[in-house]
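Enquirer: Those letters in the sequence shown? Residues 3 to 737, by this note's numbering.
Every residue, glycine too, gets a C-beta built ideally from N, C-alpha and C.
For clarity, every value in this text was computed on a predicted model and none was experimentally measured.
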Amino acid sequence: MRPTPSLIVEDARVAALAEYDLVNSAPAPGFTQIVALAARLFEVPIAVVSLIDRDRQVFHAKVGVASCETDREIAICSHTIMQTEALVVLDATLDPRFHDNPFVTGPSQIRFYAGIPLRTPAGHAIGTLCLADTRTRNTFSDADRETLRQLADLTVDRMELRRLEVAQRASQSRFEQIASTSPDGIICADASGRITFWNAAAEQIFGHGSTEAIGQSIDLIVPERMRGGHGGGLHRVANGGKPRLVGKTIELPARHKDGTEFPIELSLSKWQEEGRAAFGSIVRDIRERRANEERLFRLAHLDPLTELPNRSVLRERLDEIATVGRPVSVLMLDLDGFKEVNDSYGHGAGDSVLRVMATRILACVRPIDTVSRLGGDEFVVLLPDIGDPLRAAEVAGTIIAAVAEAVEYDGQALRLSASLGIAMAPSHGNNAGELLGCADLALYQAKSDGRHCHRLFSPVLRHQAQRARVCRDELGRAVERGEFVLFYQPQVRLSDGALVGAEALIRWQHPDRGLLSPAAFIDVLDSSRYAAQVGDWVLRTACIQAEAWRSAGALDFRMGINLCTAQFQRGDLTETVRATLSDTGLPAASLELEITENIVLRQEIELIATLHSLRESGVGIAFDDYGTGYASLSLLKRFPLTRLKIDRSFVTGMLASHHDVTIVRAILQLGLGFGLSVIAEGIETEAEHACLRTEGCQEGQGYLFGKPMPADAFAAGYGLGVDASWALARRLGAA
Ligand code: C2E
Ligand code: MG
Ligand code: MG
């Protein structure tokens, strides 16, 4: 029985043997010479290089043996490889281990055996160099052992050469295999920069076939303007220079066969081949990666629609300038009428308008300025080093003019305007948050002042904003405790001053601040959640009052009530009005609802339907402050109006300004043409009164006839001595 090594040791030994690729190969010439030499030196008929595989012994090189292999079980060499030194058997018939071995008992008739393990540099005994004879021997001297050992060393040396050869062959084919399937370009060059290897991916990346590329200078893939540098670099490194790029991954431009330039990523390695430097590079086409990086960059920094820097870039730039105390003007701009474009012509039109406006704004500023879109129709322009409000206002004016030019869309000319708020560093703040906040307040002011204008921030605006905040907080309490009251302003026939009706005007009886006019709270109220609820209260209270005065004798009395946007948005205005009329008993014809352009601009389609149904109930509809806004003339065709209210500004101006007279005349003319009544607001003097009468205006309202006043004062002034609660009680009692 042969001795059995541990499985792990045996696995490693067999693997080591495989590295020489000898077991199934013809003997290398060197080995045959060694065994022939051994046979001669020791005067034996048999000398063998025997390899011990897992289950068999293979005679790789041999003298005096016919067979090529035997079972490992019976191999005497199986014993030899378990020893550190040579195994010498002088007479096998006398050795208990081998006396019954088939080599001894069988036709081979082996008597003498001397074998020495062949060990790899790592110490694995993978075979033996052995001698055998059919004759016994008396001795095997130390000198013999030494000779055998030297022959074994020679054999191991040869074997090592063989192993390197095998490894090289394997790694070459492994390399070629990897290179051919690699998605990366693999290019090798010699010390002079000639291409020696060019894989399939390199063909793909650069467009040159491998036969075309191999032998050429590496300049083949270098853009013309950079040529010479790479070859020179390789040359320098090949001649012992310090490699700058070896071992690193760098990005650089490369040249395609078709002449185009594109970015690649390249990792360079260097080794020695037959004593000379050789270079290999792994090349990756990074066009797609670059495109992705660019896309991500754009997503993070640019507004996708206009390609302008986005809010985060803007804040960063503004902070950069403002925090070091450098002057900068911040122009915050909002497009007036953008929502209408979006609603009426669709988002395609909206997008197109935004792109056009972006280009126009850019054209109004210097290359060092930043134009950014914050989202929606809001843009911000930074003017670094401009700390003079007049210069900032000049730029603002240019932008406003540019925005006001018509935008062509689908054969239509769309007209918008811009409102613009200006804040400046360092006077208004020294960081992005503060400055944008100030510009926003100034923008809000520009919008409140009628839009299509610019306003410079002033600390007063901040106080106003704070007041608005406080006001918003107090509104809930006001609603709950009933702090609102209605004042009534008389409306008269201009020919004889007879009372025809009143306009109900809200006031806030504030516990600390006294009686407040709408100017102090109406904007905040209109945008609050109480707007519709307060609007309902105004409607009901005024209707009760009107009915009371009608019952007290003013039979044709008409009550004008101002509506707000929220009342339309809630969607049940017609029902509310009808219910109020029926509850209070006021005839529909005695109620006139006033709408302003603010309401019209916000929601046109539903608004028209609501107005029609209100009109059908017999309620009058007046267009308030007519002529001040942008509401177009065509609105008169589409809206079921009954009256135009000439704004106070024209009345005030008409004595001094020819233009204002013209406008008043035009409104009166429109009224005639469209069958609408007209009333003039804000008549303060007899002269205005006379002028309006001459122009043919039928009715008027103003301080000349009476300021807005509480119900009792109104009743007393016009002899309508019945108060509303009494009238309602009477009506409810009658019902
Ligand atoms: P408006 O509807 O155009 O009301 C006319 C405004 O002009 C009133 O201001 C009135 O006091 C003022 N006025 C009338 N005659 C003269 C005059 O001869 N000289 C001058 N200088 N002013 C005159 P008021 O009451 O401050 O109301 C301002 C605005 O607030 C109203 O303008 C209306 O738009 C809004 N408003 C008032 N009450 C209500 C309400 O109950 N609901 C809603 N939604 N808005 C209301
Ligand atoms: Mg009004
Ligand atoms: Mg008005």
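Hey, would you say the C-beta of residue 777 is under 7 Å away from at least one heavy atom of ligand 1?
Expert: Residue 777 lies beyond the stretch modelled for the chain, which goes from 3 to 737, so this question has no answer here.
Enquirer: Can you tell me whether residue 123 is buried or exposed, with buried defined as 16 or more other CB within 10 angstroms of its CB?
Expert: Burial call: exposed.
Enquirer: Helix, strand or coil: how does DSSP classify residue 736 here?
Expert: Because the pLDDT at residue 736 is just 40, under 50, the model does not fix this residue reliably, and the value given afterwards should be weighed accordingly. Three-state result, residue 736: helix.
Enquirer: Is the region 207 to 223 touching the region 318 to 334, taking contact as three or more C-beta pairs under 8 Å?
Expert: In short, these stretches do not touch, since the Cβ pair count stays below three.
Enquirer: Look at the Cβ atom of residue 286, then the Cβ atom of residue 263, and state whether they are nearer than 8 Å.
Expert: Not a contact, by the Cβ cut-off of 8 Å.
Enquirer: Could you tell me how far apart the beta carbons of residue 70 and residue 52 are, in whole angstroms, since I believe they sit closer than 8 Å?
Expert: Not really, about 11 Å apart at Cβ, beyond 8 Å.
Enquirer: Can you tell me the Cβ-Cβ gap for residue 421 and residue 528, rounded? I've got them flagged as a contact below 8 Å.
Expert: About 18 Å; that fails the 8 Å criterion.
Enquirer: Between the Cα of residue 463 and those of 229, 484, 455 and 425, spot the shortest distance and give me the residue it belongs to.
Expert: Considering only alpha carbons, the answer is 425.
Enquirer: Pop quiz: residue 402 and residue 456 are said to be a contact at Cβ under 8 Å. What is the actual Cβ separation, rounded to whole angstroms?
Expert: Contact flag correct, Cβ pair sits at about 6 Å.
Enquirer: Identify every run of the beta strand (DSSP E) within the region 339 to 421, keeping only runs that are complete inside it and at least 3 residues long; order them along the chain.
Expert: If we require 3 residues or more, the beta strand (DSSP E) runs fully inside the region 339 to 421 come out as 372 to 377, 380 to 386, 409 to 411 and 414 to 416.
Enquirer: Taking the alpha carbon of residue 525 as the point to measure from, which residue in 447, 501, 554 and 578 has its own alpha carbon closest?
Expert: Closest option to residue 525, Cα to Cα, is 447.
Enquirer: Have a look at residue 517 and residue 586 and give me their C-alpha separation to the nearest angstrom.
Expert: So the two alpha carbons sit approximately 27 Å from each other.
Enquirer: What are the boundary residues of the beta strand (DSSP E) that includes residue 117?
Expert: From DSSP, the beta strand (DSSP E) with residue 117 extends over 114 to 121.
Enquirer: For residue 23, which residues from the same chain have a beta carbon less than 6 Å from its beta carbon, with the 5 sequence-adjacent residues on both sides left out?
Expert: These residues qualify, in order along the chain: 168.
Enquirer: Should residue 140 go down as buried or exposed, given a rule of 16 or more other Cβ atoms within 10 Å for buried?
Expert: The residue is exposed, with fewer than 16 neighbouring Cβ atoms inside 10 Å.
Enquirer: Unbroken beta strand (DSSP E) runs of length 3 or more, entirely within the region 525 to 595: which are they?
Expert: With a minimum length of 3 residues, the continuous beta strand (DSSP E) runs that stay inside the region 525 to 595 are 560 to 564.
Enquirer: Sort out for me which residues DSSP pairs residue 627 with in a bridge.
Expert: None, per the DSSP bridge assignment.
Enquirer: When you compare the CB positions of residue 383 and residue 372, do they come within less than 8 Å of one another, or not?
Expert: Closer than 8 Å, so yes.
Enquirer: Please state the DSSP three-state secondary structure of residue 699.
Expert: DSSP places residue 699 in coil when its eight states are reduced to three.
Enquirer: By how many angstroms is the C-alpha of residue 599 removed from the C-alpha of residue 311?
Expert: Roughly 34 Å between the two C-alpha positions.
Enquirer: Sorted by chain position, which residues of the same chain lie with C-beta nearer than 8 Å to residue 477's C-beta, five sequence neighbours on each side aside?
Expert: These residues qualify, in order along the chain: 523, 526, 527, 530 and 532.
Enquirer: Whole-angstrom Cβ separation of residue 487 and residue 509, contact assumed at under 8 Å?
Expert: With a Cβ gap of about 5 Å, residue 487 and residue 509 count as contacting.
Enquirer: In whole angstroms, what separates the C-alpha of residue 412 from that of residue 345?
Expert: Cα to Cα, the separation comes out at about 15 Å.
Enquirer: Determine whether the beta carbon atoms of residue 665 and residue 643 lie at a separation below 8 Å.
Expert: No, the pair does not count as a contact, with Cβ atoms beyond the cut-off.
Enquirer: Just checking my contact of residue 584 with residue 559 at CB under 8 Å: how many whole Å lie between their CB atoms?
Expert: No, residue 584 and residue 559 are not in contact; Cβ-Cβ is about 18 Å, not under 8 Å.
Enquirer: Between the region 94 to 105 and the region 117 to 132, do at least 3 Cβ pairs fall closer than 8 Å?
Expert: No, the region 94 to 105 does not touch the region 117 to 132.
Enquirer: Would you kindly work out how many angstroms separate the C-alpha atoms of residue 272 and residue 194, rounded to a whole number?
Expert: Between residue 272 and residue 194, the C-alpha separation is close to 13 Å.
Enquirer: Taking the beta strand (DSSP E) that residue 92 falls in, what are its first and last residues?
Expert: Where residue 92 is concerned, there is no enclosing beta strand (DSSP E), given that its DSSP letter is neither H nor E.
Enquirer: List, from N- to C-terminal side, the alpha helix (DSSP H) runs of 4 residues or more that fit wholly inside the region 180 to 237.
Expert: As far as the region 180 to 237 is concerned, its whole alpha helix (DSSP H) runs of at least 4 residues are 202 to 208 and 212 to 215.
Enquirer: Here's a check: name, in chain order, each residue in its chain whose Cβ is nearer than 7 Å to the Cβ of residue 257, leaving out the five neighbours to either side.
Expert: These residues qualify, in order along the chain: 223, 224, 225 and 263.
Enquirer: As a quick exercise: from 379, 137 and 504, pick the residue whose alpha carbon is nearest that of residue 722.
Expert: Out of 379, 137 and 504, 504 has the C-alpha closest to the C-alpha of residue 722.
Enquirer: With residue 482 as the anchor, note down where its alpha helix (DSSP H) starts and where it stops.
Expert: Note, residue 482: alpha helix (DSSP H), 461 to 483.
Enquirer: Report buried or exposed for residue 461, applying the criterion of at least 16 other Cβ atoms within 10 angstroms of its Cβ.
Expert: It counts as exposed.
Enquirer: Would you kindly work out how many angstroms separate the C-alpha atoms of residue 386 and residue 330, rounded to a whole number?
Expert: Cα-Cα distance, rounded: 4 Å.
Enquirer: Return the CA-CA distance between residue 332 and residue 520, expressed in angstroms with no decimal places.
Expert: Going from the Cα of residue 332 to the Cα of residue 520 covers about 32 Å.
Enquirer: Residues around ligand 3, please: the condition is that the C-beta lies closer than 7 Å to some non-hydrogen atom of it.
Expert: For ligand 3, the selected residues are 626, 627, 647, 649, 650 and 683.
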